[in-house]
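Protein chains in written order, with this note's numbering: chain X, 32 to 143; chain A, 32 to 143. For each residue, glycine too, the CB sits at the ideal point set by N, CA and C.
There are 2 protein chains.
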Amino acid sequence: MAKYAVSDLDRTFSALADPTRRAVLVRLKNKPGLSVSELARPFSLKLPGMTKHLDVLSDAGLITRTKTGRTVAVNLSAAPMREAIAWLNRYERFWTVSLDRLAVLVEEDGEQ
Amino acid sequence: MAKYAVSDLDRTFSALADPTRRAVLVRLKNKPGLSVSELARPFSLKLPGMTKHLDVLSDAGLITRTKTGRTVAVNLSAAPMREAIAWLNRYERFWTVSLDRLAVLVEEDGEQ
Chain X
32 MAKYAVSDLD RTFSALADPT RRAVLVRLKN KPGLSVSELA RPFSLKLPGM TKHLDVLSDA
92 GLITRTKTGR TVAVNLSAAP MREAIAWLNR YERFWTVSLD RLAVLVEEDG EQ
Chain A
32 MAKYAVSDLD RTFSALADPT RRAVLVRLKN KPGLSVSELA RPFSLKLPGM TKHLDVLSDA
92 GLITRTKTGR TVAVNLSAAP MREAIAWLNR YERFWTVSLD RLAVLVEEDG EQ
């Protein structure tokens, strides 16, 4: 019997399964060090709502938060995302081959 | 204000956030067309438990199920996984650069 605990990969994929959280990562990539209120603004989210999303991203290790005085600067963190990419890329060959095969089948079908 | 509906990407990452479901995808990559009971066996899962996981993978478009008589053959499906890979790869440059920079810092630190 295969047994699993909640893994880093579970937390990473779970954190990525929300459009607001993915959009936060995209914004942080372009503008590192944004504050929580700057991150909340485009979503019309109140601070507690954004803080909850940041908690999920932080638990997954995808961001770091650094407090200076009363401001929290948020930055991306690299390692967990790389683990997720590595997991998916192991299967990329399958997905690529499948789509190539599909393209060949469609072409063959068109020639008949 | 940015508004989002539940997207394909949400469903894909959410489906990937479970170790049993990831293991099912790995097994199907190596052995396409396994039946539901063959998939359930290594996890000591009952059929309804495995069926629930397969429902999630199927809703995310990651697998197809084909019924022949009383047997259901399960196969991988490529497109949604490719979308997830594409999303992550857009950020790969950031993660790679960050880790390279970290390696340089560690090296510099070791030289002092």
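Using the rule of at least 16 other Cβ atoms within 10 Å of the residue's Cβ for burial, across every protein chain shown, is Q143 of chain X buried or exposed?
Here residue 143 of chain X refers to the residue found at position 112 of the first sequence. Low confidence applies here, because Q143 of chain X scores a pLDDT of 46, under 50, leaving its location unreliable; read the following figure in that light. By the neighbour-count rule (16 or more Cβ atoms within 10 Å), Q143 of chain X is not buried but exposed.
With DSSP collapsed to three states, give me the class of A33 of chain A.
Taking the second sequence and counting its residues from 1, one reaches residue 33 of chain A at position 2. Note that A33 of chain A scores a pLDDT of 41, beneath 50, so its modelled location is shaky and nothing firm can be said.
Tell me whether the segment 73-88 of chain X and the segment 47-55 of chain X touch, counting them as touching only if at least three CB pairs, one residue from each stretch, are closer than 8 Å.
yes
Is I116 of chain X close to chain A, meaning its C-beta is less than 8 Å from at least one C-beta of that chain?
To locate residue 116 of chain X, count along the first sequence from 1; it is residue 85. With 8 Å as the cut-off, I116 of chain X counts as an interface residue toward chain A.
Rounded C-alpha distance that separates F44 of chain X from L47 of chain A
Here residue 44 of chain X corresponds to residue number 13 of the first sequence, with the count starting at 1. Here residue 47 of chain A corresponds to residue number 16 of the second sequence, with the count starting at 1. Cα to Cα, the separation comes out at about 6 Å.
Which residues in chain A sit within 9 Å of M81 of chain X, going by Cβ to Cβ distance?
Locating residue 81 of chain X in the first sequence gives position 50, counting from the first residue. Result: empty, since nearest Cβ-Cβ is about 13 Å, beyond 9 Å.
DSSP three-state label for A104 of chain X, please.
Indexing the first sequence from 1 puts residue 104 of chain X at position 73. Correct three-state label for A104 of chain X: strand.
Strictly under 8 Å for the Cβ-Cβ distance: is L65 of chain A near chain X by that measure?
Indexing the second sequence from 1 puts residue 65 of chain A at position 34. No, its Cβ sits nowhere closer than 8 Å to a Cβ of chain X.
Could you give the DSSP three-state label for L65 of chain X: helix, strand or coil?
Taking the first residue of the first sequence as position 1, residue 65 of chain X is located at position 34. In the structure shown, L65 of chain X sits in a strand (DSSP, three-state: E or B).
Evaluate the contact criterion for the segment 54-69 of chain X versus the segment 100-116 of chain X: three or more CB pairs, one atom per stretch, below 8 Å.
yes
Does M32 of chain X have its Cβ less than 8 Å from a Cβ in chain A?
The residue labelled residue 32 of chain X in the question sits at position 1 within the first sequence. Per-residue confidence for M32 of chain X stands at a pLDDT of 36, beneath the threshold of 50, marking its modelled position as unreliable; no derived number is given.
Short CB-CB distance (under 8 Å) between S89 of chain A and chain X
Position 58 of the second sequence, counted from the first residue, corresponds to residue 89 of chain A. No, because no Cβ of chain X sits closer than 8 Å to the Cβ of S89 of chain A.
8 Å Cβ cutoff, L47 of chain A in contact with chain X
Numbered from its first residue, the second sequence carries residue 47 of chain A at position 16. It does: the Cβ of L47 of chain A has a partner Cβ on chain X nearer than 8 Å.
For K60 of chain A, collect the residues of the same chain with a Cβ closer than 7 Å to its Cβ; drop the 5 residues on either side in sequence, then sort them by chain order.
Position 29 of the second sequence holds residue 60 of chain A. These residues qualify, in order along the chain: L107.
If you draw a straight line from the C-alpha of D41 of chain A to the C-alpha of S75 of chain X, how long is it?
The residue labelled residue 41 of chain A in the question sits at position 10 within the second sequence. The residue labelled residue 75 of chain X in the question sits at position 44 within the first sequence. Spanning the two alpha carbons is a distance of roughly 20 Å.
Candidates A:T99, A:L78, A:T97, A:L119, of which the one nearest A110 of chain X by Cα
As a first step, residue 110 of chain X is located in the first sequence; it is residue number 79 there, counting from the start. The candidate whose alpha carbon is nearest that of A110 of chain X is A:L119.
Kindly indicate which residue of X:Y122, X:M112, X:A117, X:R121 has the alpha-carbon position closest to the one of V57 of chain X.
The sequence position of residue 57 of chain X within the first sequence is 26, counting from 1. With distances taken between Cα atoms, V57 of chain X lies closest to X:M112.
Residue(s) in a DSSP beta bridge with K98 of chain A
Mapped onto the second sequence, residue 98 of chain A falls at position 67. In DSSP, K98 of chain A forms a bridge with A:V103.
Which residue marks the beginning of the alpha helix (DSSP H) containing D86 of chain A, and which one marks its end?
Translated into the one-based positions of the second sequence, residue 86 of chain A becomes position 55. Per DSSP, D86 of chain A belongs to the alpha helix (DSSP H) from 78-90.
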